[in-house]
Every structure is written in structure tokens, then in C-alpha cells.
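The next block holds one structure in the form of C-alpha cells; read it before the comments.
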Amino acid sequence: MRQLHDYQANAIAFLRQSLAKGHKRPMLQAATGSGKTVIGAHITQSALDKGKRVCFTVPAISLIDQTVERFRQEGIDNLGVIQADHPATDPTAQVQIASVQTLARRMFPGTDLVIVDEAHQMHKAVFQWMGHCPELPFVGLSATPWTKGLGKYYDDLIVAATTGDLISRGFLAPFRVFAPSHPDLCKVRTVAGDYHEGDLEEAMSEPKLTADIVSTWLEMGENRPTLCFAVNRAHARKLQDEFTAANVSCAYVDAYTDREERKRLCEALNDGLVKVIVNIGTMTTGVDVDCRCIILARPTKSETLYVQIIGRGLRTAQGKVDCLILDHSDTTLRLGFADQIHHDTLDDGRRDETRSRNAKTGTPKLPKECTSCHFVKPAGVHVCPQCGFAPARREDVETAAGKLVQVAGGKAQADHSTKQRFWSGLQWYCQQRGYNQGWASHKYREKFGVWPRGMLDTPRAPDAECANFVRAGMIRFAKAKQKQLREATNG
Ligand SMILES: [Zn+2]
Numbered sequence: 001m002r003q004l005h006d007y008q009a010n011a012i013a014f015l016r017q018s019l020a021k022g023h024k025r026p027m028l029q030a031a032t033g034s035g036k037t038v039i040g041a042h043i044t045q046s047a048l049d050k051g052k053r054v055c056f057t058v059p060a061i062s063l064i065d066q067t068v069e070r071f072r073q074e075g076i077d078n079l080g081v082i083q084a085d086h087p088a089t090d091p092t093a094q095v096q097i098a099s100v101q102t103l104a105r106r107m108f109p110g111t112d113l114v115i116v117d118e119a120h121q122m123h124k125a126v127f128q129w130m131g132h133c134p135e136l137p138f139v140g141l142s143a144t145p146w147t148k149g150l151g152k153y154y155d156d157l158i159v160a161a162t163t164g165d166l167i168s169r170g171f172l173a174p175f176r177v178f179a180p181s182h183p184d185l186c187k188v189r190t191v192a193g194d195y196h197e198g199d200l201e202e203a204m205s206e207p208k209l210t211a212d213i214v215s216t217w218l219e220m221g222e223n224r225p226t227l228c229f230a231v232n233r234a235h236a237r238k239l240q241d242e243f244t245a246a247n248v249s250c251a252y253v254d255a256y257t258d259r260e261e262r263k264r265l266c267e268a269l270n271d272g273l274v275k276v277i278v279n280i281g282t283m284t285t286g287v288d289v290d291c292r293c294i295i296l297a298r299p300t301k302s303e304t305l306y307v308q309i310i311g312r313g314l315r316t317a318q319g320k321v322d323c324l325i326l327d328h329s330d331t332t333l334r335l336g337f338a339d340q341i342h343h344d345t346l347d348d349g350r351r352d353e354t355r356s357r358n359a360k361t362g363t364p365k366l367p368k369e370c371t372s373c374h375f376v377k378p379a380g381v382h383v384c385p386q387c388g389f390a391p392a393r394r395e396d397v398e399t400a401a402g403k404l405v406q407v408a409g410g411k412a413q414a415d416h417s418t419k420q421r422f423w424s425g426l427q428w429y430c431q432q433r434g435y436n437q438g439w440a441s442h443k444y445r446e447k448f449g450v451w452p453r454g455m456l457d458t459p460r461a462p463d464a465e466c467a468n469f470v471r472a473g474m475i476r477f478a479k480a481k482q483k484q485l486r487e488a489t490n491g
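The C-terminal position of the sequence shown is numbered 491 in UniProt numbering, with every residue numbered one higher than the one before it.
Right, dumping it as C-alpha cells:
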């Protein structure tokens, strides 16, 4: 069994304390990437050491096999699976792994401890079991135990590690957020606490928005392995088509994608054969995806969904500096940064409790967008850390006697060799496609904010950055033409 990190060992110690104090239903919060399964395996092992039986529940049948694999990797072999016709069925094994769907149809197995994985999903079968066996301890595991009413079933919250803790200690990668477009959601209804899916699909399928998503990725995505989160299947397919039309190798995955196929696509992303995987839901896979860019094309009001999605991009990897978040959903501006969402207590569904819970936690101030480069800055930060742009302060405006004064900003500083590489790429386009020097100069200025000076006119095959930038411009141009044409034919 793997050695535990200090925060994992502490979490298990706090859990023991909680049970010793008489809590029967403690909830352990462990952020995505904190090694939640490892913690679960250690809890299981220490119960086994005392001769106890453990039942570990997962929220979907499709997760059983990978959970069995993970437990075996941690050295727990004495396990059986509760599922019809499963080859690993063994009712005598000390550890039983079951899906909540199977539990709902069968008798609850005899056991001394239940560990409920992804406990924020609140499945009825688990609560029925709790009702049947009030003395049986249930330990909930979740990265996001924030579901309304969760506190009616669980009686203690132990925070092993938040996303923010893990980033600051280097266990997770940091991230940067840009908000390149702002969807119009005023006609989107809210149902059961989140946006209505059909309304949302319509709002997000606006052609300008889908074109923006692709051209922004071409301009800013640095060719990074990317997961793109869409509203639903129809929306995901539209985005996939848009990426494919722009010559970006793009795949699609959803909950119905066959496990082997999903694994193959994730490996293709890791190998660079696929650049973007468009998906819906939270993309929980058995394979660790080396994702370095996330496109958020699915607005949500759910902190849980939002934090789970961002969590997919925060695994550390060789050579990975950070994760780029291209947020086309305004979620960061509405809910705040994903690593700053935190609650000290479980929600027990009572309004007063919710209010005092928020008062206690203290809602942090929301971040703001840099108007120059779309970088999302933490609240209170004036000068953009990304591009150096400083918006006019109120006092600056006042001193200018009623005239609006904007402090000069600039685009990100690039070094000479980067600029030369880009310029040589543009020269290559001029040579190959017969574009003139004026075109190249304008493209250069669009990119760096200044005219090309001191550059050698040597054409060289463009690198991905240059090629993507040029392609993005072409897509914008084509879309604008289409729009003009539509307006001309309509009017
Ligand atoms: Zn900026």
C-alpha cells in the first residue's frame, strides 16, 4: 500500500476521532486529485486489520471495474463484487464493492462499515440502507460535499484537503482563467437550481459563440491537450464539427461511450493525436488524462459541477506549468475561482442554516475580467498580471476633469525570437499563398500590438502558434461574411 501524504494521514486520524466521538455518518471532503481512492483504501485496510467487513459503494455500475483495479493496486485482494453475473462475485470476501443501482434492487449486504464514494450524489438506496441500520457507520467521500440537504444524512464534515490547499502545496497544478466571450443567458430558465438544459443549448449554440470558442482556442490554446465541456450531446456535436472544420483533431465522449473507446481516446489525447475532447457531464474516466486546457462552454449554477470540471485540469504532470481555462460561460465571474469555493459545514436543507453557513464562510469577492486581454483577475487586483493593463481608477477619472482617461495598457511582452518566429511564419504564408506584406504586418500587429520592426523577412514553415492564429482570423472572417450574407438576404 502506498505511503500516505501528511494531509491524507491527518484526514484518517480526524475520521477515527469523529467515529470515536460517536458520529455514525462522517463525510470526508477530499478534492479531485488528492488521492481520494487511496484514502478510501487505507480506511478499508484499517477496518480489515480489525477483522471487520467493508462495503464500498460507487455511483455507477461502470465504475466497479476501475474501483476493483485501484483497490488491488493498493494491495487489497480479499474483495468481491456485488453485481449480477460479475466474474469477481464472492460473498465470502471481507470487502464488497457495489454500485448504488445494484443495492437498490437487492438486499443490503451484511457488513461492519459502509464507504460511500461520490457521496454528494445522494442516492436513495444509500439513505434507505442508513434508515434500516441506524447503528451501522457510513463514511461519505466527496470532493464537493455541498449538495442541499446532505447534512440531513451525514453528521460531521472532515476536510482532508481543498483544491486551494493542494495547489499551494504543489500537489495540484495552478490555473489561469480567461473569459473571452459572454453568453446571453437572459432567456434561460432555472430548473432545480441549475440552468434549463434545452434553453441553455439554444443560448450556447449561437453561431458567433461556437466560432469564438474555436478561434479563441486556436489563438490562445497553445495547442494544449484540451477537454471541452458542452451543454448536451447536440451542443457537443456542434462544437466537434466546428473544431473539425478548423482542422483540429477533435473527439467526442459521453457517459455512453464504451470504456475501451474512452480509454483509447484519452490515450490519443495524451499522445497528441487528438487535441480536443468535447464531452458532457464531468468526464470521470478510468484513465488519467493529461489535460492542460479546459474550455468551459457549459454555464452552470452548480458549484459542484463547476469545481468537478475544473478539477479535471489540475493533475500535475511532467513539464506542466499550469492549466489554461477558457471560460466561455461566465461561470468564474459568477461563482468565483474554483479553488476558492468552500463551505465549513454540510447543508441540512434548512434556510436559516444555509444563511448562517454562508455568513460564517464569508463569500469571497468575485474576480474581475481584464478588459484588455480577458484574463480573469482576483478581486482587488488592479494591474492585470497577464498583460499589464491597468484600468482607469475612479480617482484618475476625476482628476481628468470629467474626461474619461484610460491608462495605457499593452499586450503580453514577447521576446525577440518569439516575434521573429511568428514573423517568419507570416512570411511563409505570403510566399505560399501570395498574400502581401500589408497583410503580414497587420497580422503581426494584431498579435503583438506593435508594427513589425527589426525583423528578418525570412520565410519559415509556421509553428502551431502562428498557424492557429492565422486560421482563427480566417474563421472570424468567414463567419462575418456569412452573417453579412444572411442579413443581406433577410433584409
Ligand atoms: Zn490583461
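Ideal Cβ placement from N, Cα and C applies to all residues, glycine included.
According to DSSP, Q8 shares a beta bridge with no other residue. Counting along the chain, Q240 sits inside the alpha helix (DSSP H) bounded by residues R233 to A245.
In the three-state reduction of the DSSP assignment, G449 falls in the coil class, being assigned neither a helical nor a strand state.
Membership of N468 in any beta strand (DSSP E) is not indicated; the residue belongs instead to the alpha helix (DSSP H) covering A464 to N490.
Excluding the 5 residues flanking it on each side, L200 has same chain C-beta neighbours closer than 7 Å at V188, V231 and P299, in chain order. For A160, the enclosing beta strand (DSSP E) has its first and last residue at D156 to A161. Under the 8 Å Cβ criterion, the stretch 141–154 counts as touching the stretch 120–130, having at least three qualifying pairs.
CA-to-CA, the gap between Q121 and V470 works out to about 44 Å. Secondary-structure assignment with DSSP links S142 through a beta bridge to Q29. A straight line joining the alpha-carbon of W217 with that of T190 spans about 29 Å.
Set against 8 Å, the gap from the CB of G388 to the closest heavy atom of ligand 1 is smaller. Beta-bridge partners of S99 (DSSP): V58. The stretch 69–82 makes contact with the stretch 90–103: 3 or more CB pairs, one atom from each, lie closer than 8 Å.
Using a Cβ distance threshold of 9 Å, T304 and T44 do not count as a contacting pair. The stretch 322–333 and the stretch 255–267 do not touch, with fewer than 3 CB-CB distances between them shorter than 8 Å.
Contact check for Q66 and G35: beta-carbon distance about 15 Å, past the 8 Å limit, so the pair fails to qualify. Per DSSP, the continuous beta strand (DSSP E) segment holding Y252 begins and ends at C250 to V253. Taken from the Cβ of F448, every heavy atom of ligand 1 lies 8 Å or farther away.
For P462, the closest of L239, R70, F422 and L141 by C-alpha to C-alpha distance is F422.
When rounded, the separation of the alpha-carbon atoms in T37 and L15 is 15 Å. Residue pairing by DSSP puts V177 in a beta bridge opposite I325. Nearest to W428 by alpha-carbon distance, out of P459, Y444 and T111, is P459. A distance criterion of 8 Å places the beta-carbon of S372 in contact range of ligand 1, judged by its closest non-hydrogen atom. For L227, the enclosing beta strand (DSSP E) begins and ends at T226 to F229. Distances from the alpha-carbon of L209 to those of E267, L239 and R25 put L239 closest. Judged by DSSP secondary structure, C266 falls within the alpha helix (DSSP H) whose first and last residues are R259 to D271. In this structure, DSSP gives E303 a helical state, which the three-state scheme calls helix. Beta-bridge annotation (DSSP): R72 is not paired with any residue. For the pair V126 and V159, the CB atoms are not nearer than the 9 Å cut-off.
Each of C384, A480 and F171 was checked against the Cα of A31, and the nearest Cα belongs to F171.
A residue is called buried once 16 or more other Cβ atoms fall within 10 Å of its Cβ, and L269 is buried on that count. When DSSP states are grouped into helix, strand and coil, K36 belongs to the helix group.
Cβ contact annotation for R70 (same chain, cutoff 6 Å, sequence separation greater than five): T37, in chain order. In the displayed model, G80 falls within a strand according to three-state DSSP. Excluding five sequence positions before and after H123, the CB atoms of its chain that fall closer than 6 Å to its own CB belong to V100, given in chain order. Between the alpha carbons of T489 and P207 lies a gap of roughly 17 Å.
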